[in-house]
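A.B. asks: Counting from 1, position 144 in the sequence shown corresponds to residue 146 in my numbering; the numbering is continuous, with no gaps.
Note that beta-carbon positions come from the ideal geometry of N, C-alpha and C, so glycine has one too.
Take a look at this one; I'll ask things after.
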Amino acid sequence: MANNITPEEIIKKGKLVFSKTALMTDKVLSYCPGCGHGVVHRLTMEVIEEMGIQDKTIGVAPVGCSVLAYEFMNIDMQQAPHGRAPAVATGIKRAFPDKFVFTYQGDGDLAAIGTSETIHACNRAENIVIIFVNNGIYGMTGGQMAPTTLEGMKSSTSPYGRDIEMMGHPIKITEMVAGLPGVCFATRQAVHKPGLVRKTKKAIRKAFENQRDKKGTSIVEVVSNCNSGWKMTPVKSNEWLEENMLSFFPLGDIK
């Protein structure tokens with residue numbers, strides 16, 4: 003720290019620009035450098051801290067890059083089988099209706115093996131928050147094609163690019179569930195630029211407030227990069243995201 007000034011002195015002088023939320027542990031993140039997961043983790047924990055609901059919140063993380071979320075989030079966490087987070091969250095919320103319950107899922111988890119659980123939880127208007135990180139690929143298990151993989155996009159199981167005729171179209175899962183009456187809020191955001199980070203935090207805050215007000219299911223999709231799965235540097239992956247992902251997955255509130 004410059005000039006050996008203590009954090010307390012910085013706060014007194016009004017020079018503190020940023021400090022880590024107490025709801026993020028000191029455990030080193032397991033995510034690849036440049037990945038958006040860490041930012042989404044921090045935003046979620048900042049919202050919970052600012053709302054004063056740390057002791058009232060239970061997070062559910064299934065299999066995927068977020069499988070170790072309980073190592074990083076200083077709140078009560080529950081592990082779920084692959085794709086089953088909305089079902090587990092449903093049980094927790096019904097058993098403890100006064101708790102704030104959220105799932106934290108990737109696209110391979112939520113939109114593939116967990117499609118049924120996602121759709122039916124939303125259709126039942128389960129009063130939970132779903133945080134959905136979409137990087138268009140299976141990030142943890144080897145970079146395979148996911149339901150959200152774009153047409154022509156290469157992966158370990160589509161080395162020549164996604165062929166629509168053979169593999170079908172990429173799925174816009176947030177638009178799908180937005181049409182269900184049980185969903186009160188569906189939005190798509192991103193975290194690769196400061197302004198977008200602020201919008202994503204606002205969306206996550208709105209989702210938790212909706213749960214507080216018992217409005218039904220809120221889903222916050224965050225379009226992110228996977229520089230390791232895409233075989234790119236972090237900078238190039240963010241550029242590719244801008245040029246390719248956002249034209250198919252446009253940002254903004256859907257419902």
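Tell me the residue span of the alpha helix (DSSP H) that contains alanine 205.
C.D. replies: 196-214
A.B. asks: Would you decide whether threonine 235 is buried or exposed? Buried here means 16 or more other CB atoms lie within 10 Å of its CB.
C.D. replies: exposed
A.B. asks: When you compare only the Cα positions, how much space is there between threonine 46 and arginine 207?
C.D. replies: 8 Å
A.B. asks: DSSP state of methionine 3, grouped into three classes?
C.D. replies: Confidence in methionine 3 is poor, its pLDDT being 40 and thus under 50, which makes the residue's placement unreliable; the coordinate value appears in the next sentence. Looking at methionine 3 - three-state DSSP - the assignment turns out to be coil, as it is neither helix nor strand.
A.B. asks: Of all the options Leu152, Asp100, Ser68, Phe187, which has the alpha carbon lying nearest to the alpha carbon of valine 135?
C.D. replies: Checking every option, the nearest Cα to that of valine 135 belongs to Ser68.
A.B. asks: When you compare only the Cα positions, how much space is there between asparagine 246 and isoleucine 166?
C.D. replies: 16 Å
A.B. asks: When we look at the beta-carbon of glycine 170 and count the other beta-carbons within 10 Å, is it buried (16 or more) or exposed?
C.D. replies: Classified as exposed, glycine 170 has fewer than 16 neighbouring CB atoms from the shown chains inside 10 Å of its CB.
A.B. asks: Taking just the CA atoms, how far does lysine 216 sit from methionine 142?
C.D. replies: 34 Å
A.B. asks: Where aspartate 255 and glycine 218 are concerned, what is the direct C-alpha to C-alpha distance, given to the nearest angstrom?
C.D. replies: 16 Å
A.B. asks: In or out: aspartate 109 buried (at least 16 other Cβ within 10 Å) or exposed?
C.D. replies: Answer is buried; the Cβ neighbour count reaches 16.
A.B. asks: Can you grab the Cα-Cα spacing for the pair tryptophan 272 / glycine 197, in whole Å?
C.D. replies: No information on residue 272 is available, as it lies outside the stretch 3 to 257 that the chain covers here.
A.B. asks: Can you say whether glutamate 128 is buried or exposed, counting buried as having 16 or more other CB atoms within 10 angstroms of its CB?
C.D. replies: buried
A.B. asks: Going by DSSP, which residues form a beta bridge with arginine 332?
C.D. replies: The displayed coordinates of the chain run from 3 to 257. Any statement about residue 332 would go beyond what the structure contains.
A.B. asks: Restricting to Cα atoms, I'd like to know which of Cys228, Glu51, Gln213 is closest to valine 222.
C.D. replies: Gln213
A.B. asks: My output table needs one value for aspartate 57: the three-state DSSP class, helix, strand or coil.
C.D. replies: helix
A.B. asks: With DSSP as the reference, label asparagine 136 as helix, strand or coil.
C.D. replies: Three-state DSSP puts asparagine 136 in a strand.
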